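Everything in the sequence shown is counted per numbering that gives the first Met the number 0, starting at 0 for the first residue and increasing by one.
Each residue gets a CB set at the ideal place from its N, CA and C atoms; glycine is no exception.
Since the model is a prediction, treat every value here as computed from it, not as a measurement.
All remarks here apply to the structure that follows.
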Amino acid sequence: MNSKMMIGWSEIDLTPDCPVFLAGQFAERISESVETKIFATSMAVDTGSEQMVICACDLVAIGEELTLDVRGRIKNSIADLDPNKVIISATHTHTAMLYARRGVSSGATLEVLKTYLPAEKQYVTQVSDKNTDHVMSPDDAYEYIADLIVKSITEAWNNRKAGYLINAFGRAVVGHCRRVGYDDGTARMWGDSNLANFEALEGGNDSGVELMYVFDDQQQLTGVVANIACPAQTVQHRKFISADYWGKTRLLLQERFGPDIRLLALCGAAGDQCPVDMIRWVEPKSPVNDPNIERSNVVRRKADPSMFDIEGSWTAGRRVYNEIVNVYETLDKEPPAEEPVFEHVIEWVDLPVRKVTMTEYREADKLLKEYIRDTNRAFDYNDNAQMHLYAGTIARYQFQQTHHLHATEVHVIRLGNFAIATNPFELFLNYGNQIKARSLAEQTFLIQLACGSIGYLPTAKAESGSHYSAYVSSGIIGHQGGDLLVRTTLDRINNLFQE
Numbered sequence: 000m001n002s003k004m005m006i007g008w009s010e011i012d013l014t015p016d017c018p019v020f021l022a023g024q025f026a027e028r029i030s031e032s033v034e035t036k037i038f039a040t041s042m043a044v045d046t047g048s049e050q051m052v053i054c055a056c057d058l059v060a061i062g063e064e065l066t067l068d069v070r071g072r073i074k075n076s077i078a079d080l081d082p083n084k085v086i087i088s089a090t091h092t093h094t095a096m097l098y099a100r101r102g103v104s105s106g107a108t109l110e111v112l113k114t115y116l117p118a119e120k121q122y123v124t125q126v127s128d129k130n131t132d133h134v135m136s137p138d139d140a141y142e143y144i145a146d147l148i149v150k151s152i153t154e155a156w157n158n159r160k161a162g163y164l165i166n167a168f169g170r171a172v173v174g175h176c177r178r179v180g181y182d183d184g185t186a187r188m189w190g191d192s193n194l195a196n197f198e199a200l201e202g203g204n205d206s207g208v209e210l211m212y213v214f215d216d217q218q219q220l221t222g223v224v225a226n227i228a229c230p231a232q233t234v235q236h237r238k239f240i241s242a243d244y245w246g247k248t249r250l251l252l253q254e255r256f257g258p259d260i261r262l263l264a265l266c267g268a269a270g271d272q273c274p275v276d277m278i279r280w281v282e283p284k285s286p287v288n289d290p291n292i293e294r295s296n297v298v299r300r301k302a303d304p305s306m307f308d309i310e311g312s313w314t315a316g317r318r319v320y321n322e323i324v325n326v327y328e329t330l331d332k333e334p335p336a337e338e339p340v341f342e343h344v345i346e347w348v349d350l351p352v353r354k355v356t357m358t359e360y361r362e363a364d365k366l367l368k369e370y371i372r373d374t375n376r377a378f379d380y381n382d383n384a385q386m387h388l389y390a391g392t393i394a395r396y397q398f399q400q401t402h403h404l405h406a407t408e409v410h411v412i413r414l415g416n417f418a419i420a421t422n423p424f425e426l427f428l429n430y431g432n433q434i435k436a437r438s439l440a441e442q443t444f445l446i447q448l449a450c451g452s453i454g455y456l457p458t459a460k461a462e463s464g465s466h467y468s469a470y471v472s473s474g475i476i477g478h479q480g481g482d483l484l485v486r487t488t489l490d491r492i493n494n495l496f497q498e
């Protein structure tokens, strides 16, 4: 094999050695144990003329400020790596540490709610009665995470050796649409489908698995890249550290191929996706402290195990593992006859901020004040969820006074016959489908929540149906920005594949 391509791997353990605040839910949680370890896994690809590093983290999100911080540290420590060509993404697990989000904010709904509360109705967290002196603070968690991500990227870059990539495709059902539509045109995230006015799930799902197998120059497998349109959220409400279903896939792969095999887990366009089948609803085995999950009319179904619990996590993780192995066993593992085309383009796209009207702002202000007036007790996460729309509308009205466009980082990469494209959103599946269907590449990997975390990006249909994930409070950008993101991404991909 005579190749200029150099590939390096690193897998750095992010698992904390003390309790942490867990990110991802309205209800506050502190970790009580470790169910599976969490990692920052990096893959570096370098040909001398082009380069990239992708670092996939078992975290809820990667903030823009964290991305810039990591790149700044890398710039000062790795002379031959362009820090702008480092991509950091999250699997969107809800069972990893909460870290401080620094930089410009579009407004946190809880902070808005707190400013409206009188002294006798202060907000009480679910962990307010616990001693948190031994719990890692969000500020400390930020530094802890940043240091280890830098270590992961640095090790992957320093571990580069001659190798090659083979892209492939598999199919494993993991994700399902989590927005339930009703006959009046409304929709609800986690909505009840066992109602007379249930009409259809708002969107579809994508069972495709975009795969990349990485080999050294002796044709030995060193790692696998798997891209799935579903967040890592089968145990999302639990009070432990977990890499969720990806953690199970990783363990199974290391049992099969040895402890040095690496898994780069990439979340595709999945803003409206989850591992839970909303038609064949299976209850959590124990309470999950989520007002959107409550059901009063549960029918016992013959279906998957609960996708709110560890058993479901193993089911999903094993499906992904089985497909990775099945495809590998039939794969032509010979290196490519020619050096693949490798181009990495970085684009900053100005997307319009989704705005609210003066009337919407005044109505939100009125309704929030009425809710507080009529609630004669201390407030908690249930109230935060209930008032999310109104507090978010107020926050957006304040934000839009000085922000009209949001500069959004997008990476588009050509590697041989396939493409990789990133975005910093919880991107609704239909946008991803539009990109994949119209891409000139034979295969398109999409990585959401990469190099930033700007909230949900819903479709026009979802905005019309409303509810969480489609509220103005759920993300900075609306469907007009989503359409522009699709057009820009497609333009950059297809320019790289023009004959």
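- Query: From lysine 354 to isoleucine 453, what distance separates their C-alpha atoms?
  - Reply: 15 Å
- Message: Is the beta carbon of leucine 262 closer than 7 Å to that of leucine 252?
- Response: yes
- Query: CB of serine 127 to nearest heavy atom of the ligand NAD: below 6 Å?
  - Reply: The ligand content of the structure shown is nil, which means the ligand NAD is not present either.
- Query: Where do the ends of the beta strand (DSSP E) carrying glutamate 27 lie?
  - Reply: Glutamate 27 -> no beta strand (DSSP E), and no H or E assigned at all.
- Item | Span of the alpha helix (DSSP H), counted from its first residue to its last, around threonine 392 | Start and end: 387-398.
- Is the beta carbon of methionine 306 sitting closer than 7 Å to the one on leucine 112? no
- Item | Any alpha helix (DSSP H) of 4 or more consecutive residues that is wholly inside the segment 49-82 | As far as the segment 49-82 is concerned, its whole alpha helix (DSSP H) runs of at least 4 residues are 63-74.
- Item | Length-filtered (3 minimum) beta strand (DSSP E) runs lying within the segment 408-474 | 417-421, 442-446
- Task: Spell out whether any CB of chain D is found under 7 Å from the CB atom of glutamate 369.
- Result: Among the protein chains of the structure shown there is no chain D, as only one such chain exists.
- Helix, strand or coil for alanine 167 per DSSP? strand
- Query: To which residues of the same chain is glutamate 501 closer than 8 Å at the C-beta, ignoring the five residues directly before and after it?
  - Reply: No answer is possible for residue 501: it lies beyond the span of the chain, which begins at 0 and ends at 498.
- Please state whether DSSP places isoleucine 323 in a helix, a strand or coil. helix
- Quick one: measure Cβ to Cβ for alanine 418 and phenylalanine 444, integer angstroms, because I've assumed they're closer than 8 Å. Approximately 7 Å separates the beta-carbon atoms of alanine 418 and phenylalanine 444; this is inside 8 Å, confirming the contact.
- Using DSSP bridges, identify the partner residues of tyrosine 212. Ile165, Val223
- Query: Under the three-state reduction of DSSP, which class applies to methionine 306: helix, strand or coil?
  - Reply: coil
- Could you have a look at glycine 311 and say whether DSSP puts it in helix, strand or coil? helix
- On a CA-only basis, which of Gly47, Ser127, Gln121, Asn166 is nearest glycine 415? Give me that one, please. Asn166
- Message: With H, G and I counted as helix, E and B as strand and the rest as coil, what does DSSP make of leucine 250?
- Response: helix
- Can you give the Cα-Cα distance for asparagine 158 and isoleucine 6, rounded to whole angstroms? Each residue's alpha carbon lies about 8 Å from the other.
- Message: On a Cα-Cα basis, can you pick out the residue from Gly207, Ile61, Gln447, Glu282 that is closest to threonine 233?
- Response: Glu282
- Is it right to say glutamine 24 is buried, meaning 16 or more other beta carbons lie within 10 angstroms of its own, or is it exposed? When all chains shown are included, glutamine 24 counts as buried.
- Message: Counting beta carbon pairs with one atom in the segment 227-246 and one in the segment 453-467, are three or more of them shorter than 8 Å?
- Response: Fewer than three Cβ pairs drawn from the segment 453-467 and the segment 227-246 lie within less than 8 Å of each other, which leaves the two stretches out of contact.
- Does the Cβ of lysine 332 have 16 or more other Cβ atoms within 10 Å, making it buried, or fewer, making it exposed? exposed
- Message: Suppose the cutoff is 8 Å on Cβ atoms and the five residues either side in sequence are ignored; what does the same chain contact list for glutamine 125 look like?
- Response: Ala26, Glu27, Arg28, Asn288, Asp379, Tyr380
- Message: Distance check for aspartate 132 and asparagine 325, CA to CA, integer angstroms please.
- Response: 48 Å
- Query: The beta strand (DSSP E) with tyrosine 141 in it runs from where to where?
  - Reply: First-last for tyrosine 141: 137-157, but that is the alpha helix (DSSP H), not the beta strand (DSSP E).
- Message: Contact defined as beta carbons within less than 8 Å: I believe threonine 108 pairs with glycine 391. What is the distance between those atoms, to the nearest angstrom?
- Response: 5 Å
- Query: Since asparagine 321 contacts glutamine 272 with CB under 8 Å, what's their CB separation in whole angstroms?
  - Reply: Rounded, the Cβ-Cβ distance is 20 Å, inconsistent with contact.
- Which stretch, first to last residue, makes up the alpha helix (DSSP H) that contains arginine 178? From DSSP, arginine 178 is part of no alpha helix (DSSP H) but of the beta strand (DSSP E) over 178-181.
- How would you label valine 298, buried or exposed, when you count the other beta carbons within 10 angstroms and need 16 or more for buried? exposed
- Span of the alpha helix (DSSP H) around glycine 480: 478-495
- Item | Extent of the continuous alpha helix (DSSP H) to which leucine 330 belongs | Where leucine 330 is concerned, there is no enclosing alpha helix (DSSP H), given that its DSSP letter is neither H nor E.
- Where does cysteine 17 land, buried or exposed, given buried means 16+ other C-beta within 10 angstroms? exposed
- Could you tell me which of Arg255, Val471, Cys54 sits nearest to glutamate 154, measuring between CA atoms? Cys54
- Item | With 16 other Cβ atoms within 10 Å as the buried cut-off, status of leucine 330 | exposed
- Excluding the five sequence neighbours on either side, which residues of its own chain have a C-beta within less than 6 Å of the C-beta of aspartate 138, listed in chain order? Excluding sequence neighbours, aspartate 138 sits near Ala99.
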